[in-house]
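Residue numbering for the sequence shown is 2 to 468, as defined by our numbering. The C-beta atom is built at its ideal place from N, Cα and C for all residues, glycine as well.
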Amino acid sequence: MNTETHQFQAEVRQLLDIVINALYSDREIFVRELVSNASDALEKLRLKQLTDSNIYQPDKPLEITVTTDKENKTITIADTGIGMTEADLVENLGTIAHSGTKKFMEALKQKQEGGADLIGQFGVGFYSSFMVADRVEVFTHSYEPEAASLRWSSDGREGYSIETLAEPLDRGTRIVIRLKDEYEEFSQEYRVKELLRRYSNFVGFPLNFNGERVNTVQAIWSKSKSDVKPEEYDEFYQFIAHTDEKPLSYMHFSADAPIALNALLFIPRRNPEMFGFGRVDANVALYCKRVLIDAKPEGLLPEWLRFLNGVVDSEDLPLNISREMLQDNSLVRKISDIITKRFIKHLEKLAKDDQETYREFYAQFSRYLKEGVVTSWPNKESLGKLLRFESTATEPGETTSFEDYVTRMKEGQTAIYALTGPPVPIWKTARTWKPSRPAAMKWPSSRTTGTNSCWTPCPAWTESPSR
Ligand code: ADP
Ligand code: MG
Numbered sequence: 002m003n004t005e006t007h008q009f010q011a012e013v014r015q016l017l018d019i020v021i022n023a024l025y026s027d028r029e030i031f032v033r034e035l036v037s038n039a040s041d042a043l044e045k046l047r048l049k050q051l052t053d054s055n056i057y058q059p060d061k062p063l064e065i066t067v068t069t070d071k072e073n074k075t076i077t078i079a080d081t082g083i084g085m086t087e088a089d090l091v092e093n094l095g096t097i098a099h100s101g102t103k104k105f106m107e108a109l110k111q112k113q114e115g116g117a118d119l120i121g122q123f124g125v126g127f128y129s130s131f132m133v134a135d136r137v138e139v140f141t142h143s144y145e146p147e148a149a150s151l152r153w154s155s156d157g158r159e160g161y162s163i164e165t166l167a168e169p170l171d172r173g174t175r176i177v178i179r180l181k182d183e184y185e186e187f188s189q190e191y192r193v194k195e196l197l198r199r200y201s202n203f204v205g206f207p208l209n210f211n212g213e214r215v216n217t218v219q220a221i222w223s224k225s226k227s228d229v230k231p232e233e234y235d236e237f238y239q240f241i242a243h244t245d246e247k248p249l250s251y252m253h254f255s256a257d258a259p260i261a262l263n264a265l266l267f268i269p270r271r272n273p274e275m276f277g278f279g280r281v282d283a284n285v286a287l288y289c290k291r292v293l294i295d296a297k298p299e300g301l302l303p304e305w306l307r308f309l310n311g312v313v314d315s316e317d318l319p320l321n322i323s324r325e326m327l328q329d330n331s332l333v334r335k336i337s338d339i340i341t342k343r344f345i346k347h348l349e350k351l352a353k354d355d356q357e358t359y360r361e362f363y364a365q366f367s368r369y370l371k372e373g374v375v376t377s378w379p380n381k382e383s384l385g386k387l388l389r390f391e392s393t394a395t396e397p398g399e400t401t402s403f404e405d406y407v408t409r410m411k412e413g414q415t416a417i418y419a420l421t422g423p424p425v426p427i428w429k430t431a432r433t434w435k436p437s438r439p440a441a442m443k444w445p446s447s448r449t450t451g452t453n454s455c456w457t458p459c460p461a462w463t464e465s466p467s468r
């Protein structure tokens with residue numbers, strides 16, 4: 002048995018000093034960081050297995066195990082992944098290797114003092130464990146059969162030791178966090194369970210906590226469409242939307258370029274805003290490689306899409322991106338544009354191929370489309386084409402699109418006349434609703450200039466039913 006002591010790189014010492022002493026409130030993020038490291042390590046092993054047949058303990062299942070010990074005030078995060086050799090430990094846990102931490106240090110240099118507020122913005126990966134720990138121990142055995150069994154240990158101050166163990170360890174990495182008294186909450190089962198459910202529900206490998214499987218629902222958004230059954234979509238929707246109902250429709254797509262993206266969006270059967278519950282927030286969560294970044298990211302989707310439920314996952318996003326950074330992140334804006342365009346396409350397809358469903362959708366959500374026409378300049382043309390109105394040429398209850406309307410226009414017709422007025426909200430018909438006096442309005446249009454002039458924002462579209 003031999004033990005070697007090492008000094009942390011100067012930058013790491015500086016970082017740890019801030020991490021340990023900072024008055025930072027979101028210390029719980031260390032759990033998410035360590036679980037995602039475990040998941041990365043398993044992913045790396047899975048890739049290795051494809052090309053390398055010489056793997057230590059090849060039959061060991063790929064999984065993550067989290068345990069808490071209230072008596073000893075510890076929390077342990079273990080994986081059966083790629084593991085680390087001594088050189089890996091020195092490189093990965095003794096220097097600042099990864100990009101998020103590097104950015105943190107760069108931002109820190111720009112600042113004169115403090116830096117605690119930066120922790121949340123950049124995340125500090127593995128080192129975040131020292132926010133709650135007196136001592137962190139890393140037991141590890143690399144996937145290489147001849148590698149040593151090692152114990153890395155540090156109090157997060159000057160340096161760390163690496164000990165070669167006589168007893169062979171299983172493949173992978175086990176991180177034992179010895180909690181400071183004031184953070185013993187992280188050795189409490191209820192506290193950690195809640196954290197794992199929140200951040201790690203869809204981690205791609207089995208995640209067990211104190212003997213119980215946590216992530217029972219699969220991250221179907223990252224599967225290929227042909228591998229997901231319709232009932233799996235329904236179940237997934239019911240899970241994320243907390244409902245017994247099935248979705249009205251869903252859109253599942255993935256892209257590799259320009260951004261690696263998986264998205265799964267559901268249209269509910271009912272518009273909650275229609276029942277007077279007030280404005281809803283989109284329930285579309287943002288993930289990076291199946292680990293939650295933000296359950297309700299602002300600016301991920303345009304306002305008019307706030308009726309959607311679902312998940313967007315991009316591995317191009319840094320895991321530890323903060324709320325503030327999300328809002329003015331150009332990547333997020335690009336993701337938003339891509340998804341919005343794809344969703345409009347989805348609606349176009351629905352309107353064409355499944356008119357019954359489109360009609361149901363329209364009855365519930367048409368006002369969001371109209372909101373989109375007037376608020377979303379780049380999409381107003383395509384959204385305008387999705388609008389439907391009753392007309393003198395349709396039967397009561399039937400509707401027409403502008404496209405159809407134009408085909409019926411008489412030679413020389415230069416205007417569409419529209420009668421505006423709020424639709425009668427069903428729940429108000431009985432008692433309180435009084436129609437405002439309908440107003441006839443001239444709606445300029447012409448065959449020769451195409452339909453462009455129709456898309457001018459016009460009171461008929463902006464007027465919302467009185468609630
Ligand atoms: P990042 O995950 O962004 O690379 P971290 O600070 O979280 O940065 O981790 C630093 C490095 O330590 C990782 O890149 C990885 O090489 C190594 N590491 C951390 N946890 C594990 C683990 N459970 N198994 C194997 N390697 C790990
Ligand atoms: Mg990490």
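With DSSP as the reference, identify every bridge partner of Asp70, one or two as the case may be. By one-based count along the sequence shown, residue 70 stands at place 69. Answer is Thr75.
So what does DSSP say about Tyr144, is it helix, strand or coil? Position 143 of the sequence shown, counting from 1, holds the residue named residue 144. Note: Tyr144 maps to coil in three-state DSSP.
Skipping 5 residues on each side, what residues in its chain have a beta carbon closer than 7 Å to that of Gly160? Against the sequence shown, residue 160 aligns to sequence position 159. Cβ neighbours of Gly160 within its own chain (closer than 7 Å, five residues either side excluded): Thr6, His7, Gln8, Phe9.
Using only alpha-carbon positions, find the residue among Leu16, Asp53, Glu138, Asp235 that is nearest to Glu246. Taking the sequence shown and counting its residues from 1, the one referred to as residue 246 is at position 245. Nearest C-alpha to Glu246: Asp235.
Run the CB neighbour count on Ser130, radius 10 Å, all protein chains shown included, and call it buried at 16 or more, exposed below. In the sequence shown, residue 130 corresponds to position 129, counting from 1. With 16 or more other Cβ atoms from the protein chains shown falling within 10 Å of its own Cβ, Ser130 counts as buried.
Flag this pair as touching only if the segment 210 to 219 and the segment 190 to 199 have three or more C-beta atom pairs under 8 Å; answer yes or no. yes
Pull every residue with its beta-carbon under 5 Å away from any heavy atom of the ligand MG, and keep them in chain order. Asn38, Gly126
Ordered list of beta strand (DSSP E) runs contained in the segment 142 to 229, each at least 3 residues: 150 to 155, 160 to 165, 173 to 180, 208 to 210
Counting Cβ pairs, one atom from each stretch, are 3 or more of them under 8 Å apart for the segment 177 to 193 and the segment 283 to 299? no
In DSSP terms, what His253 is bridged to: Taking the first residue of the sequence shown as 1, we reach residue 253 at position 252. DSSP output for His253 lists Leu265 as bridge partner(s).
What do you reckon, are the CB atoms on Gln365 and Asn272 nearer than 8 Å? Locating residue 365 in the sequence shown gives position 364, where the first residue counts as 1. Locating residue 272 in the sequence shown gives position 271, where the first residue counts as 1. In contact: Gln365 and Asn272 (Cβ atoms closer than 8 Å).
At a cut-off of 7 Å, would you count Asn85 as near the ligand ADP, judging by its Cβ distance to the nearest heavy atom? In the sequence shown, residue 85 corresponds to position 84, counting from 1. Just to set this straight, residue 85 is Met in the shown sequence, not Asn. At least one heavy atom of the ligand ADP lies less than 7 Å from the C-beta of Met85.
Looking at the secondary structure, which residues open and close the beta strand (DSSP E) in which Val312 lies? Here residue 312 corresponds to residue number 311 of the sequence shown, with the count starting at 1. Its beta strand (DSSP E) spans residues 310 to 314.
Straight-line Cα distance separating Leu46 from Val469: Residue 469 lies beyond the residue range present for the chain, which begins at 2 and ends at 468; the question has no answer from this structure.
Can you look up Gln8 in the DSSP assignment and give me helix, strand or coil? Locating residue 8 in the sequence shown gives position 7, where the first residue counts as 1. In this structure, Gln8 counts as strand in the three-state DSSP scheme.
Indicate, with yes or no, if the ligand ADP has a heavy atom lying under 7 Å from the CB of Tyr369. The residue given as residue 369 occupies position 368 in the sequence shown. Not one heavy atom of the ligand ADP is found less than 7 Å from the C-beta of Tyr369.
Can you find a heavy atom of the ligand ADP that lies under 7 Å from the Cβ of Tyr128? Counting from 1 along the sequence shown, the entry for residue 128 is found at position 127. Yes, the ligand ADP has a heavy atom inside 7 Å of this Cβ.
Could you tell me whether any non-hydrogen atom of the ligand ADP is closer than 7 Å to the CB of Ala134? In the sequence shown, residue 134 corresponds to position 133, counting from 1. No.
Endpoints, alpha helix (DSSP H) assigned at Ile260: Position 259 of the sequence shown holds residue 260. Where Ile260 is concerned, there is no enclosing alpha helix (DSSP H), given that its DSSP letter is neither H nor E.
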